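A.B. asks:
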Amino acid sequence: MAESPVLIVGGGPVGLMASLLLSRLGIRSLLIERHPGTAIHPKARGINARTMEVFRQQDVEAAVRQAGLPPERTGLIVWARTLAGEEIERRVPWGRSERSAEVSPVRACLCAQDYLEPVLRRCAEQQALGTLRFGTELASFTQDGSGVTATLVDVASGAQEKVVAQYMIAADGAQSRVRSALGVRMDGETDVYDSVNILINADLRQWTEDRPAALYFIENDRLRATFLTVNAADRWGFLVNSLKSQGYSPEDFTPQRAVDLVRLGVGIPDLPVKVLGIAPWVASAHVAERYRHDRIFLAGDAAHEMPPTGGFGMNTGIQDVHNLCWKLALVLCGQATPALLETYHDERQPLGKAITEQSLANAISMGRLQKTRETAGARPEYLNEQGMIFGANYVSTAVVPDGSAAPVVVNPVTDYAPSARPGGRAPHAWLQRKDGTRVSSIDLVGKGFVLLAGARGAAWIDAARGLGASTGVAVTPIAVGAGELDSADGRWRETYGIDETGAVLVRPDGYVGWRSASAAADPAGTLTSALSAILSRPSSGA
Ligand SMILES: Cc1cc2nc3c(=O)[nH]c(=O)nc-3n(C[C@H](O)[C@H](O)[C@H](O)COP(=O)(O)OP(=O)(O)OC[C@H]3O[C@@H](n4cnc5c(N)ncnc54)[C@H](O)[C@@H]3O)c2cc1C
Numbered sequence: 004m005a006e007s008p009v010l011i012v013g014g015g016p017v018g019l020m021a022s023l024l025l026s027r028l029g030i031r032s033l034l035i036e037r038h039p040g041t042a043i044h045p046k047a048r049g050i051n052a053r054t055m056e057v058f059r060q061q062d063v064e065a066a067v068r069q070a071g072l073p074p075e076r077t078g079l080i081v082w083a084r085t086l087a088g089e090e091i092e093r094r095v096p097w098g099r100s101e102r103s104a105e106v107s108p109v110r111a112c113l114c115a116q117d118y119l120e121p122v123l124r125r126c127a128e129q130q131a132l133g134t135l136r137f138g139t140e141l142a143s144f145t146q147d148g149s150g151v152t153a154t155l156v157d158v159a160s161g162a163q164e165k166v167v168a169q170y171m172i173a174a175d176g177a178q179s180r181v182r183s184a185l186g187v188r189m190d191g192e193t194d195v196y197d198s199v200n201i202l203i204n205a206d207l208r209q210w211t212e213d214r215p216a217a218l219y220f221i222e223n224d225r226l227r228a229t230f231l232t233v234n235a236a237d238r239w240g241f242l243v244n245s246l247k248s249q250g251y252s253p254e255d256f257t258p259q260r261a262v263d264l265v266r267l268g269v270g271i272p273d274l275p276v277k278v279l280g281i282a283p284w285v286a287s288a289h290v291a292e293r294y295r296h297d298r299i300f301l302a303g304d305a306a307h308e309m310p311p312t313g314g315f316g317m318n319t320g321i322q323d324v325h326n327l328c329w330k331l332a333l334v335l336c337g338q339a340t341p342a343l344l345e346t347y348h349d350e351r352q353p354l355g356k357a358i359t360e361q362s363l364a365n366a367i368s369m370g371r372l373q374k375t376r377e378t379a380g381a382r383p384e385y386l387n388e389q390g391m392i393f394g395a396n397y398v399s400t401a402v403v404p405d406g407s408a409a410p411v412v413v414n415p416v417t418d419y420a421p422s423a424r425p426g427g428r429a430p431h432a433w434l435q436r437k438d439g440t441r442v443s444s445i446d447l448v449g450k451g452f453v454l455l456a457g458a459r460g461a462a463w464i465d466a467a468r469g470l471g472a473s474t475g476v477a478v479t480p481i482a483v484g485a486g487e488l489d490s491a492d493g494r495w496r497e498t499y500g501i502d503e504t505g506a507v508l509v510r511p512d513g514y515v516g517w518r519s520a521s522a523a524a525d526p527a528g529t530l531t532s533a534l535s536a537i538l539s540r541p542s543s544g545a
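Residue numbers (the working numbering): 4 to 545.
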């Protein structure tokens, strides 16, 4: 029987990212995907700045940007009666604004899912430790105290084989077979509205080039739909929203009907249009009651399904596996106890719920659930969600509280207050190397444990160096202000909430696990205890 430490079910963006992350962490994995290749439909396109930070830390940012469109070609959101007709409103989403540079050196990116997945697949396949098998389906599975036994089917030949894994990641999408087989309860609302995705070839530059946008919402008496920018020239998604309320059903969407509706949306009756694909789908807003089921972890759409209003589904899923994979790696290497794996649910499920609720609130404000065809405006929070993108605040045993209060913000959806309070993303601060080059703190973290210490934090640096020998877990020590690296603008300590003798321990996912605002009597003991707590090890650290 074949064996792999981790079996990943599903080769969508979340499964592909899990494969890449595990390989980078030194863990072998087997990914299976039932389709012969990556996605055909450009469903997700908006990759938010936090996900792009993750891509940057995994060295795939450049390839993703190359496959996508630059910010200046997607900088707006436009509402119009038809593409060629009256414009109703235009907005600049926060992720495209200059202000977003204060929070991260990494900008959001528009890269359609059918362009993104081949990039992630290529990067994952380049890793020696990750095996990816397309055209292979998970038929059934069982789990016990020692592992998961899965029956796989070769879709082309029907041949079956069994694989044994210690852990399984179910990244098998919204209709997750793994989730159903486990009998997982979903909290929230199911089937909140229906839509159809139409992929088209049509040259729309005449109506879009002078107002480059990621989305063009069409609102008129006969149609409520959205043109989704894919290459900003002749390849577009066309999303007809709330079919029933507009008097349509998915069966109505013959290629000719699709062409007619695209022409109606553009406002040009004889526009040349070629239909490349038609995919009806139903939006839900529900979240798995539990993300962990012993040795099986739900991730991505298998764990949470949300309306795409806000563009959070894929982003949330990629960040799920970013949270999960380092924990799996450390448990598989024996550096953490399996109790660490419970923190995946504790940290990600409440966040998944909050994001799903906000995505639904966006959809409601945009009239997606209404039975009437009245046009509705999007609420101000829509695409202005920096609090949701950066402001996660994990509470779990993998975070050592320092007694400080969470940063206060007026609106947690739109507002983000940079803070290195344990449980939050290690914030962006500009630092400067001896040779004058600037580097963001974001570029120093995200691969393994990192200790950032103040100018007089040498004792912390020494303690961090000793952790490899005493605990077996490598921690990279970085002193800021002690010679090699300095604050570029004098703000790093204020941002990180420490004095010159303090230190911050950043986890491999770029979240703060522990912080000491100033010196401690026993730095080695203090740091060992903190690391042991994060890894759910006995406090001796042995
Ligand atoms: C119109 C639209 C616009 C969207 N826009 C955005 C956006 O801008 N930003 C964003 O973040 N999200 C967006 N989303 C959501 C995004 O597309 C999903 O959240 C994302 O695809 C989820 O990725 P996933 O890998 O979890 O699941 P999927 O992409 O669904 O991948 C799951 C994979 O598992 C495979 N699979 C299933 N069962 C099995 C099995 N038994 N064996 C083997 N393989 C199996 C499937 O074939 C599939 O390839 C949008 C969605 C829609 C519909």
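A virtual CB, placed ideally from N, CA and C, is assigned to each residue, including glycine. None of the values given here were measured: they were computed from a predicted structure.
On the criterion of 16 or more Cβ atoms from any shown chain inside 10 Å, does E497 qualify as buried, or is it exposed?
C.D. replies: E497 is exposed by the Cβ-count criterion.
A.B. asks: May I ask whether a heavy atom of ligand 1 can be found less than 6 Å away from the beta carbon of M369?
C.D. replies: Result no, Cβ not under 6 Å from ligand 1.
A.B. asks: Rounded to a whole number of angstroms, what is the C-alpha to C-alpha distance between S407 and R424?
C.D. replies: Those two C-alpha atoms are separated by around 7 Å.
A.B. asks: Taking contact to mean at least 3 C-beta pairs separated by less than 8 Å, is the stretch 45-57 in contact with the stretch 108-128?
C.D. replies: The stretch 45-57 is in contact with the stretch 108-128.
A.B. asks: Among the residues of its own chain, which have a CB less than 6 Å from the CB of Q572, if the five just before and after it don't count?
C.D. replies: Any property of residue 572 remains undetermined from this structure, which presents the chain solely from 4 to 545.
A.B. asks: Is the distance from the Cβ of Y385 to the Cβ of G426 below 7 Å?
C.D. replies: It is not a contact, given that the beta carbons lie outside the stated cut-off.
A.B. asks: Beta carbon of P16: closer than 6 Å to some heavy atom of ligand 1?
C.D. replies: Yes, the beta carbon of P16 sits closer than 6 Å to at least one heavy atom of ligand 1.
A.B. asks: Buried or exposed for S3, please, with buried defined as at least 16 other CB atoms from any protein chain shown within 10 angstroms of its CB.
C.D. replies: The chain is shown from 4 up to 545; residue 3 falls before or after that span and cannot be answered.
A.B. asks: For a test of the three-state rule: what should DSSP assign to K437, helix, strand or coil?
C.D. replies: Three-state result, K437: coil.
A.B. asks: Can you list, in chain order, the stretches of the alpha helix (DSSP H) that have 4 or more residues and sit fully within the stretch 345-380?
C.D. replies: The stretch 345-380 contains these whole alpha helix (DSSP H) runs: 345-368.
A.B. asks: Between the Cα of A342 and those of S399, G394, G370, spot the shortest distance and give me the residue it belongs to.
C.D. replies: Comparing Cα positions, the closest option is S399.
A.B. asks: I need the straight-line Cα distance from A305 to D489, nearest angstrom please.
C.D. replies: Distance between the alpha carbons of A305 and D489 is about 43 Å.
A.B. asks: Is DSSP giving N318 helix, strand or coil here?
C.D. replies: Helix at N318.
A.B. asks: State the start and end residues of the unbroken alpha helix (DSSP H) segment that holds M20.
C.D. replies: Its alpha helix (DSSP H) spans residues 16-27.
A.B. asks: Return helix, strand or coil for L498, following the three-state DSSP convention.
C.D. replies: Checking the sequence, you will find Thr at residue 498 rather than Leu. Residue state, collapsed to three classes: helix.
A.B. asks: So for F256, helix, strand or coil by DSSP?
C.D. replies: Three-state DSSP puts F256 in coil, outside helix and strand.
A.B. asks: Alpha carbon to alpha carbon, what distance is there between V187 and A5?
C.D. replies: Each residue's alpha carbon lies about 28 Å from the other.
A.B. asks: Can the beta-carbon of I501 be found less than 7 Å from the beta-carbon of P480?
C.D. replies: It is not a contact, given that the beta carbons lie outside the stated cut-off.
A.B. asks: Return the residue from the list Y170, L218, R208, L86 that minimises the CA-CA distance to V95.
C.D. replies: Taking only the C-alpha atoms, the option nearest V95 is L218.
A.B. asks: Identify every residue that forms a DSSP beta bridge with V243.
C.D. replies: V199, A228.
A.B. asks: Are the beta-carbon atoms of R382 and S368 separated by less than 7 Å?
C.D. replies: Against a cut-off of 7 Å, the Cβ pair of S368 and R382 comes out as a contact.
A.B. asks: Near R124, which residues of its chain fall below 8 Å by C-beta distance, leaving aside the five closest residues on each side in sequence?
C.D. replies: Correct list, in chain order: G14, L19, T41, L135.
A.B. asks: Out of E222, A173, S183, E101, point me to the one whose CA is closest to E90's CA.
C.D. replies: Out of E222, A173, S183, E101, E222 has the C-alpha closest to the C-alpha of E90.
A.B. asks: From the DSSP output, in three-state form, read off T474 for me.
C.D. replies: Looking at T474 - three-state DSSP - the assignment turns out to be helix.
A.B. asks: Pick helix, strand or coil for E384, following the three-state DSSP scheme.
C.D. replies: E384: coil per DSSP, three-state reduction.
A.B. asks: Report buried or exposed for E308, applying the criterion of at least 16 other Cβ atoms within 10 angstroms of its Cβ.
C.D. replies: With 16 or more other Cβ atoms within 10 Å, it is buried.
A.B. asks: Roughly how far, in whole angstroms, is the beta-carbon of V12 from the beta-carbon of M171, given that I think they are within contact range, below 8 Å?
C.D. replies: Yes, they are in contact, since the Cβ atoms of V12 and M171 sit about 7 Å apart, within 8 Å.
A.B. asks: Give me the residue from D197, V507, T531, V158 with the minimum Cα distance to G471.
C.D. replies: Ranking D197, V507, T531, V158 by Cα distance to G471 puts T531 first.
A.B. asks: Sorted by chain position, which residues of the same chain lie with C-beta nearer than 7 Å to V262's C-beta, five sequence neighbours on each side aside?
C.D. replies: If we look at V262 and ignore the five residues flanking it on each side, its Cβ neighbours are V276, V278.
A.B. asks: Does R371 get closer than 7 Å to chain C when you measure Cβ to Cβ?
C.D. replies: Considering every chain present, this structure includes no chain C. It has just one protein chain.
A.B. asks: Assuming L344 and V166 form a contact by the criterion Cβ under 8 Å, report the distance between their Cβ atoms to the nearest whole angstrom.
C.D. replies: Contact flag wrong, Cβ pair sits at about 20 Å.
A.B. asks: Any heavy atom of ligand 1 closer than 6 Å to the CB of N326?
C.D. replies: No, ligand 1 has no heavy atom inside 6 Å of this Cβ.
A.B. asks: Could you tell me if the beta carbon of E140 falls within a distance shorter than 6 Å of some heavy atom in ligand 1?
C.D. replies: E140: yes, Cβ under 6 Å from ligand 1.
A.B. asks: Mind reading off the beta-carbon distance from G505 to G460? Whole number of angstroms is fine, and I expect it under 8 Å.
C.D. replies: With a Cβ gap of about 6 Å, G505 and G460 count as contacting.
A.B. asks: Is there at least one non-hydrogen atom of ligand 1 closer than 6 Å to the beta-carbon of W36?
C.D. replies: The identity of residue 36 in the sequence shown is Glu, whereas the question assumes Trp. The answer is yes for E36.
A.B. asks: Please list, in chain order, all residues of the same chain as A395 whose beta carbon is under 6 Å from its beta carbon, the five residues on each side excluded.
C.D. replies: Once the five neighbours on either side are set aside, the close Cβ partners of A395 are L354.
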